[in-house]
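In this text, residue positions in the sequence shown follow the numbering used here: the first is 10, and each later residue adds one.
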Amino acid sequence: MYLTKDVKVLFSSPEFFSNELSQNWHTIEIPALCPNCGVGFGPTSVCRNKFSEEGEYFYFFTHKCNICFKYCLTLQIVSNDRTRLIAAYPKTQLRQFDQLLRDLSPEFIDMYQASLSSEQNGYANLAGIGYRSAMELLIKDYALDFELSSKEDISRLNLNRAIDKFFGNDENAMIPADVVRTFGNNFAHWDKSQKYADLETLKAYLDLVVQFIYSRLMIKHPPVKRDKGRKSRN
Numbered sequence: 010m011y012l013t014k015d016v017k018v019l020f021s022s023p024e025f026f027s028n029e030l031s032q033n034w035h036t037i038e039i040p041a042l043c044p045n046c047g048v049g050f051g052p053t054s055v056c057r058n059k060f061s062e063e064g065e066y067f068y069f070f071t072h073k074c075n076i077c078f079k080y081c082l083t084l085q086i087v088s089n090d091r092t093r094l095i096a097a098y099p100k101t102q103l104r105q106f107d108q109l110l111r112d113l114s115p116e117f118i119d120m121y122q123a124s125l126s127s128e129q130n131g132y133a134n135l136a137g138i139g140y141r142s143a144m145e146l147l148i149k150d151y152a153l154d155f156e157l158s159s160k161e162d163i164s165r166l167n168l169n170r171a172i173d174k175f176f177g178n179d180e181n182a183m184i185p186a187d188v189v190r191t192f193g194n195n196f197a198h199w200d201k202s203q204k205y206a207d208l209e210t211l212k213a214y215l216d217l218v219v220q221f222i223y224s225r226l227m228i229k230h231p232p233v234k235r236d237k238g239r240k241s242r243n
């Protein structure tokens with residue numbers, strides 16, 4: 010199962026289709042996320058081969074990601090004047106995180122990757138809830154590492170209070186964290202608000218939280234440090 014979307018592709022020889030559309034453009038179904046980098050997908054898609062078997066017609070496509078520029082493959086089955094996705098390779102590609110983040114919060118990494126896998130396999134609700142939980146783990150590990158509060162106090166905070174306590178003085182962190190919290194909570198509700206149902210928006214704001222914390226880790230752990238006892242000659 011895949012989380013998918015439809016795109017238009019120009020076919021040079023669309024003989025498998027029942028009717029030719031204008032200029033041989035047809036709709037194909039592709040993964041909504043790049044299987045290599047896990048980012049929203051707007052690839053260059055090219056049909057590489059076609060074959061038929063027992064009255065059914067198939068196309069092989071390559072898709073070059075517009076973000077990471079890597080290729081993935083899909084197998085499509087013809088259905089009227091469009092195709093349907095039946096297989097993709099690679100199936101799931103986990104996101105790579107810097108070692109500073111991996112050392113800070115291994116549980117955040119695990120939860121994020123599980124959420125990404127759920128998203129790539131079509132389970133949007135699980136993914137949304139998971140991304141919210143991943144952010145909570147990251148914020149609390151960040152607070153502990155930077156000694157913003159004691160472990161006991163941190164453990165008693167719900168996510169809303171943690172955001173207020175640790176990000177309340179910086180809108181660059183507080184605003185995106187509140188967006189992730191609100192959208193993540195919405196994915197857990199039976200009566201969901203469509204206003205907060207966009208997984209891509211949730212992920213974009215989660216990335217802002219991750220970058221906020223990562224920037225502070227970089228400053229805390231620089232590759233070089235100034236020798237305060239000596240004057241620089243440069």
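All C-beta atoms in this analysis are idealised placements derived from N, C-alpha and C, irrespective of residue type, glycine included.
> Whose C-alpha, out of LEU94, LYS14, PHE70, GLY51, is nearest the C-alpha of PHE20?
Replying inline: Residue mapping note: residue 20 aligns to position 11 of the sequence shown, counting from 1. Closest option to PHE20, Cα to Cα, is PHE70.
> How would you label MET227, buried or exposed, when you count the other beta carbons within 10 angstroms and need 16 or more for buried?
Replying inline: For the purposes of this step, residue 227 is identified with residue 218 of the sequence shown, where counting begins at 1. Its Cβ having fewer than 16 others within 10 Å, MET227 is exposed.
> Could you give the C-beta distance for TYR139 and LEU211, rounded to a whole number, given that I count them as a contact under 8 Å?
Replying inline: Translated into positions along the sequence shown, residue 139 becomes position 130. Translated into positions along the sequence shown, residue 211 becomes position 202. The identity of residue 139 in the sequence shown is Gly, whereas the question assumes Tyr. At roughly 10 Å, the Cβ-Cβ gap does not stay under 8 Å, so GLY139 and LEU211 are not in contact.
>> For GLU29 and LYS17, what's the separation of their Cα atoms in angstroms?
In response: Position 20 of the sequence shown, counted from the start, is the residue given in the question as residue 29. Position 8 of the sequence shown, counted from the start, is the residue given in the question as residue 17. Note on GLU29: pLDDT 49, under 50, position unreliable in the model; the coordinate value appears next. Between GLU29 and LYS17, the C-alpha separation is close to 13 Å.
> How far does the alpha helix (DSSP H) with PRO185 in it reach, from first residue to last?
Replying inline: Here residue 185 corresponds to residue number 176 of the sequence shown, with the count starting at 1. 180–196 is the extent of the alpha helix (DSSP H) around PRO185.
> Using the rule of at least 16 other Cβ atoms within 10 Å of the residue's Cβ for burial, across every protein chain shown, is VAL87 buried or exposed?
Replying inline: Counting from one through the sequence shown, the residue named residue 87 turns up at place 78. VAL87 is buried by the Cβ-count criterion.
>> Taking its Cβ as the centre, do 16 or more other Cβ atoms sit within 10 Å of CYS77, making it buried, or is it exposed?
In response: Translated into positions along the sequence shown, residue 77 becomes position 68. Its Cβ having fewer than 16 others within 10 Å, CYS77 is exposed.
> Is ILE76 helix, strand or coil when you go by DSSP?
Replying inline: Taking the sequence shown and counting its residues from 1, one reaches residue 76 at position 67. ILE76 falls in the coil class under three-state DSSP.
> Can the beta-carbon of MET120 be found less than 8 Å from the beta-carbon of LEU146?
Replying inline: Your numbering for residue 120 matches position 111 in the sequence shown. Your numbering for residue 146 matches position 137 in the sequence shown. A contact, by the Cβ cut-off of 8 Å.
> Under the three-state reduction of DSSP, which class applies to LEU109: helix, strand or coil?
Replying inline: Here residue 109 refers to the residue found at position 100 of the sequence shown. LEU109 falls in the helix class under three-state DSSP.
> Hey, out of SER61, LYS79, THR92, GLU128, whose CA is closest to TRP34's CA?
Replying inline: The residue you call residue 34 lines up with position 25 of the sequence shown. Ranking SER61, LYS79, THR92, GLU128 by Cα distance to TRP34 puts THR92 first.
> In chain order, what residues of the same chain have a beta carbon less than 6 Å from the beta carbon of LEU9, not counting five sequence neighbours either side?
Replying inline: The structure shown has nothing for residue 9, since the chain only spans 10 to 243.
> Exposed or buried, which one is GLN220 when buried takes at least 16 other CB atoms within 10 Å?
Replying inline: Walking along the sequence shown from the start, residue 220 turns up at place 211. By the 10 Å Cβ count, GLN220 comes out exposed.
> Looking only at C-alpha atoms, which of ASN195, PHE196, ASP200, ALA171 sits nearest to ALA186?
Replying inline: Within the sequence shown, the letter at position 177 stands for residue 186. The shortest C-alpha separation from ALA186 is found at ALA171.
> Assuming LEU103 contacts GLN122 under a Cβ cut-off of 8 Å, what Cβ separation, rounded to an integer in Å, is found between them?
Replying inline: Walking along the sequence shown from the start, residue 103 turns up at place 94. Walking along the sequence shown from the start, residue 122 turns up at place 113. Their Cβ separation, rounded to whole angstroms, is 5 Å, which keeps LEU103 and GLN122 in contact under 8 Å.
>> Out of ALA213, LYS237, GLY64, ILE39, which one is the CA nearest neighbour of TYR80?
In response: Taking the sequence shown and counting its residues from 1, the one referred to as residue 80 is at position 71. Out of ALA213, LYS237, GLY64, ILE39, ILE39 has the C-alpha closest to the C-alpha of TYR80.
> Who are the Cβ neighbours of GLU128 in its own chain at under 7 Å, not counting the five residues just before and after it?
Replying inline: Walking along the sequence shown from the start, residue 128 turns up at place 119. Around GLU128: LEU12, LEU42, ALA136, LEU208.
>> Tell me the rounded alpha-carbon separation between SER202 and ASN195.
In response: Position 193 of the sequence shown, counted from the first residue, corresponds to residue 202. Position 186 of the sequence shown, counted from the first residue, corresponds to residue 195. About 7 Å.
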